[in-house]
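**Student:**
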Amino acid sequence: MCIKNTIRITMKKVDVILGLQWGDEGKGKVVDVLTPRYEVVARFQGGPNAGHTLEFNGEKYILRSIPSGIFQGGKPNIIGNGVVLDAILFRGEAEDLAKSGHDLTKRLFISKKAHLILPTHRILDAAYEAAKGSAKIGTTGKGIGPTYTDKISRNGMRVGDLLRPDFKEVYEQAKARHEQILRSLNFEYDITELEKQWFDAVEYLKQFRIIDSEYFINNALAEDRSVLAEGAQGTLLDVDFGSYPFVTSSNTVCAGVCTGLGVAPRRIGEVYGIFKAYCTRVGSGPFPTELFDETGAELRRVGHEFGAVTGRERRCGWLDLVALKYSIMINGVTQLIMMKSDVMNDFETIRVATAYEINGERTEEFPFGVSDDIKPIYVDFEGWKCDLRNCRTYDEFPEAFKRYIEFIEQETGVPVKIVSVGPDRDETIVR
Numbered sequence: 005m006c007i008k009n010t011i012r013i014t015m016k017k018v019d020v021i022l023g024l025q026w027g028d029e030g031k032g033k034v035v036d037v038l039t040p041r042y043e044v045v046a047r048f049q050g051g052p053n054a055g056h057t058l059e060f061n062g063e064k065y066i067l068r069s070i071p072s073g074i075f076q077g078g079k080p081n082i083i084g085n086g087v088v089l090d091a092i093l094f095r096g097e098a099e100d101l102a103k104s105g106h107d108l109t110k111r112l113f114i115s116k117k118a119h120l121i122l123p124t125h126r127i128l129d130a131a132y133e134a135a136k137g138s139a140k141i142g143t144t145g146k147g148i149g150p151t152y153t154d155k156i157s158r159n160g161m162r163v164g165d166l167l168r169p170d171f172k173e174v175y176e177q178a179k180a181r182h183e184q185i186l187r188s189l190n191f192e193y194d195i196t197e198l199e200k201q202w203f204d205a206v207e208y209l210k211q212f213r214i215i216d217s218e219y220f221i222n223n224a225l226a227e228d229r230s231v232l233a234e235g236a237q238g239t240l241l242d243v244d245f246g247s248y249p250f251v252t253s254s255n256t257v258c259a260g261v262c263t264g265l266g267v268a269p270r271r272i273g274e275v276y277g278i279f280k281a282y283c284t285r286v287g288s289g290p291f292p293t294e295l296f297d298e299t300g301a302e303l304r305r306v307g308h309e310f311g312a313v314t315g316r317e318r319r320c321g322w323l324d325l326v327a328l329k330y331s332i333m334i335n336g337v338t339q340l341i342m343m344k345s346d347v348m349n350d351f352e353t354i355r356v357a358t359a360y361e362i363n364g365e366r367t368e369e370f371p372f373g374v375s376d377d378i379k380p381i382y383v384d385f386e387g388w389k390c391d392l393r394n395c396r397t398y399d400e401f402p403e404a405f406k407r408y409i410e411f412i413e414q415e416t417g418v419p420v421k422i423v424s425v426g427p428d429r430d431e432t433i434v435r
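Remember, this note's numbering sits 4 above the position in the sequence shown when you count from 1.
(1) Quick check on R2: buried or exposed, where buried means 16 or more other Cβ atoms within 10 Å of its Cβ?
(2) In the DSSP output, which residue or residues are listed as bridge partners for Q280?
(3) Quick check for students: name the residue ranges of the alpha helix (DSSP H) that lie wholly in the region 201-256, counting only runs of 4 or more.
(4) Classify F220: buried if its beta carbon has 16 or more other beta carbons within 10 angstroms, exposed otherwise.
(5) When you compare the CB positions of V257 and V251, do they come within less than 8 Å of one another, or not?
(6) Run through the DSSP bridge pairs and tell me what D194 is partnered with.
(7) Could you tell me which whole beta strand (DSSP E) segments of length 3 or greater appear in the region 365-395?
(8) Quick check on the DSSP output: the alpha helix (DSSP H) that includes R407 runs from which residue to which?
(9) Taking Cβ positions, are K406 and L340 nearer each other than 8 Å?
(10) Taking three-plus beta-carbon pairs below 8 Å as touching, is the region 170-186 in contact with the region 115-135?
(11) Quick one, which of A268, V434, D324 and G311 has its alpha-carbon nearest V286's?
(12) Is the region 360-374 touching the region 323-333 in the sense that three or more CB pairs, one from each, lie closer than 8 Å?
(13) Based on Cα-Cα distance, which residue from L67, I272, V88 and E386 lies nearest to L225?
(14) Can you tell me the Cα-Cα spacing of Q2 and P40, whole angstroms?
(15) State the DSSP-derived secondary structure class of I433, mapped to helix, strand or coil.
(16) What number of angstroms, rounded off, separates the C-alpha of T263 from the C-alpha of Q201?
(17) Spell out a yes or no on whether the region 347-355 and the region 382-389 are touching, meaning 3 or more CB-CB pairs, one atom from each, closer than 8 Å.
(18) Looking only at C-alpha atoms, which of K33, V20, V18 and K17 sits nearest to M343?
(19) Rounded to whole angstroms, what is the Cα-Cα separation between K31 and D19?
(20) Could you give the residue range of the alpha helix (DSSP H) that holds L303?
(21) Give me the Cβ distance between V206 and L89, rounded to the nearest whole Å; I'm assuming they're in contact under 8 Å.
(22) Just curious, the alpha helix (DSSP H) that Y152 is in, first and last residue?
(23) Does the beta-carbon distance from Y360 to P292 come in below 8 Å?
(24) Rounded to whole angstroms, what is the Cα-Cα separation between I383 and A281?
(25) Answer yes or no: do S230 and G84 have a C-beta to C-beta separation smaller than 8 Å?
(26) For the alpha helix (DSSP H) that G264 lies in, which residues bound it at each end?
(27) State the DSSP-derived secondary structure class of F94, mapped to helix, strand or coil.
(28) In the DSSP output, what is F171 paired with across the bridge?
(29) Taking only three categories from DSSP, how would you classify L166?
(30) Between the C-alpha atoms of V37 and G50, what's the straight-line distance to the nearest angstrom?
(31) Does DSSP put T397 in a helix, a strand or coil?
(32) Could you check which residue in G27, V35 and D107 has the C-alpha nearest to that of I21?
(33) Keeping to the same chain, check which residues put their C-beta closer than 7 Å to that of V238; ignore five residues upstream and five downstream.
(34) Should L86 and G260 be called a contact, given that it needs their Cβ atoms to be closer than 8 Å?
(35) Would you decide whether T196 is buried or exposed? Buried here means 16 or more other CB atoms lie within 10 Å of its CB.
(36) Specify the secondary structure class of P419 as computed by DSSP and reduced to three states.
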């Protein structure tokens, strides 16, 4: 019997960067810092409800749909099929970047399979939220949920549909379906101006390269090019594994890379999990370690904790290791990245929740129920009482801060490889 020799071709893997809390962890800055190592950057889910803030050279940028690697040379940045795209907001974002000297037309690619947020999706979002009354979820009103609903019910419109000769007919059918729902909700609206802006923005969007992104990314891997997948929001907002129903409408976890970009699970490499040295949340939903006192207000003030897209105040609280370990497990995190450590520079005592007490019983597992009476169990640490923004190496960190980092590593079993001590690029310590 003759057995032929086989040649195994190895391919690059997609590294993933995502949030481990309720969003707003600082993903944009870290993607910008990491992208020099990568040749392609791709956003795999979410919509313009996510705002990634980047600061460098004295300038501040907020990206909503465009990947955060757009500032690093001419490398391709891809809006993947798992993203939902609002043409109006996309145009405003792209034009603002162009005015600041960042022309995207030759380096931004958009998946044909990304779903479009229609003007009526925005109206539906407002109508559904109004109908909930006091049970509001706290959406951003950007039409994200209704767009994903249409996607799952097989009624959505995709970017590739813009290239169809009967595009306007398809649009009118979708609009008529939405208007029937709005009539049933007795919701008053005027879509005239919004619709005009949308059609103008659609023409603007067509100047970008609209591609079969799944082929683009897999071909890049076959050509031994490195790819970084960027997530939006955070793990605890995942539609399956987050604090349901107070969640977003997409899979924010690592598995979302496979469905949101069209790559096989075995193509996933490093998984960078980003978390703040404390916790924040925008909108409604459970938050076991939330602080309602002066300490919470101080975290908000010093950390400038206001939503990048909504401007809403973020709720603030201590670091929750129960939730963090849950997120690490779900995502298979291989490296941790800690953000905004400097916000707690002046605190005398810093607390970390290591377990919950629910109905009199202690647990270290993140619970199913969002209405459970959860009492966090804390471990206290001495504050470091110095300005971390003056540090440029790990060795320069005060011992109290090192103990905080080492405790997190010990509890999670994952190394903290990057520590951010300020908003600027150079205020990032890589171990």
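Glycine is no exception: its CB is placed at the ideal position from the N, C-alpha and C atoms. Here the structure is a predicted model, which means the values were calculated and not measured.
**Tutor:** Let me lay it out:
(1) Nothing about residue 2 can be read from this structure; the chain reaches only from 5 to 435.
(2) One detail in the question is off: residue 280 reads as Lys in this sequence, not Gln. Its beta-bridge partners are M343.
(3) Whole alpha helix (DSSP H) segments, 4+ residues: 217-226.
(4) Classification of F220: buried, given that the 10 Å Cβ count is 16 or more.
(5) No. Outside cutoff.
(6) D194 pairs with nothing; no bridge assigned.
(7) Segments of the beta strand (DSSP E) lying fully in the region 365-395: 365-367 and 378-386.
(8) Going by DSSP, R407 is part of the alpha helix (DSSP H) stretching over E403 to T416.
(9) Their beta carbons are not under 8 Å apart, which means K406 does not touch L340 by this criterion.
(10) In short, these stretches touch, since the Cβ pair count reaches three.
(11) The candidate whose alpha carbon is nearest that of V286 is G311.
(12) Contact between the region 323-333 and the region 360-374 is present, with at least three C-beta pairs closer than 8 Å.
(13) Its Cα nearest to that of L225, the residue I272 stands out among L67, I272, V88 and E386.
(14) With the chain running from 5 to 435 in the structure shown, residue 2 is simply not present.
(15) In the three-state DSSP reduction, I433 falls in the strand class (E or B).
(16) T263 and Q201 have their alpha carbons spaced roughly 31 Å apart.
(17) By the Cβ rule, the region 347-355 counts as touching the region 382-389, because three or more pairs are nearer than 8 Å.
(18) It is K33 whose Cα lies nearest to the Cα of M343.
(19) Near 14 Å, if we compare the C-alpha coordinates of D19 and K31.
(20) Its alpha helix (DSSP H) spans residues E298 to V306.
(21) Wrong, their Cβ atoms sit about 10 Å apart, outside the cutoff.
(22) Per DSSP, Y152 is one residue of the alpha helix (DSSP H) stretching across I148 to I156.
(23) Taking C-beta atoms as the reference points, Y360 and P292 count as a pair closer than 8 Å.
(24) This sequence places Val at residue 383; Ile is not what is there. When rounded, the distance between both Cα atoms is 14 Å.
(25) Cβ atoms of S230 and G84: not closer than 8 Å.
(26) In the DSSP assignment, G264 falls within the unbroken alpha helix (DSSP H) covering A259 to L265.
(27) Here DSSP, grouped into helix, strand and coil, assigns F94 to helix.
(28) Under DSSP, F171 takes part in no beta bridge, so it has no partner.
(29) Correct three-state label for L166: helix.
(30) So the alpha carbons of these two residues sit roughly 21 Å apart.
(31) T397: coil per DSSP, three-state reduction.
(32) Out of G27, V35 and D107, V35 has the C-alpha closest to the C-alpha of I21.
(33) Inspection of the sequence shows that residue 238 is occupied by Gly rather than by Val. Excluding sequence neighbours, G238 sits near G23, L24, Q25, W26, G27, E29 and T256.
(34) The sequence given here places Gly at residue 86; Leu does not occur at that position. Contact flag set, yes.
(35) Flag for T196 reads exposed.
(36) Under the three-state reduction of DSSP output, P419 falls in the coil class, being neither helix nor strand.
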